[in-house]
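Mapping to the UniProt record's numbering: the sequence shown position 30 is 30, numbers consecutive. Below is one structure; the comments refer to it alone.
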Amino acid sequence: MDQSPRQEISIHQSLHKPMLVLGGERNLVLMLGVLAGIFIFSLAQLWAAVIGIILWVFGTWGLAQLAKYDPILSKTGKRSIQYKKYYPASATPFARNRAIK
């Protein structure tokens with residue numbers, strides 16, 4: 001047999017690193033920015049600007065804390081919604097549920 005050297009391909013870090021903005025998941029931070037911008041600029045009231053700034057500060061802090069736990073939390077959460085709460089024990093996934101007497 002021919003003993004050729006093993007071929008290795010390096011994968012650039014940017015291809016598998018999660019996309020984070022301001023420490024939080026990109027889509028959630030952008031949605032939070034839009035929501036805070038609506039409060040600050042569209043409502044044009046002092047109380048709305050205060051609420052928008054508070055929402056932005058605490059929201060970005062909260063999203064950064066969540067990203068430390070799981071950088072793709074929204075995708076994981078969306079995927080977990082489709083699972084059932086309880087899977088009954090059966091020999092095969094195609095077996096019928098039998099009534100216990």
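Ideal Cβ positions, reconstructed from N, Cα and C, are used throughout, including at glycine.
- For T92, there is no enclosing alpha helix (DSSP H), as DSSP marks it with neither H nor E.
- Cα atoms of L43 and L35: separation of roughly 11 Å, rounded to the nearest angstrom.
- If you draw a straight line from the Cα of Y86 to the Cα of L66, it comes to about 27 Å.
- Look at the beta carbons and you see the segment 22-40 touching the segment 57-76: at least three pairs across the two are nearer than 8 Å.
- In the three-state DSSP reduction, L43 falls in the coil class, being neither helix nor strand.
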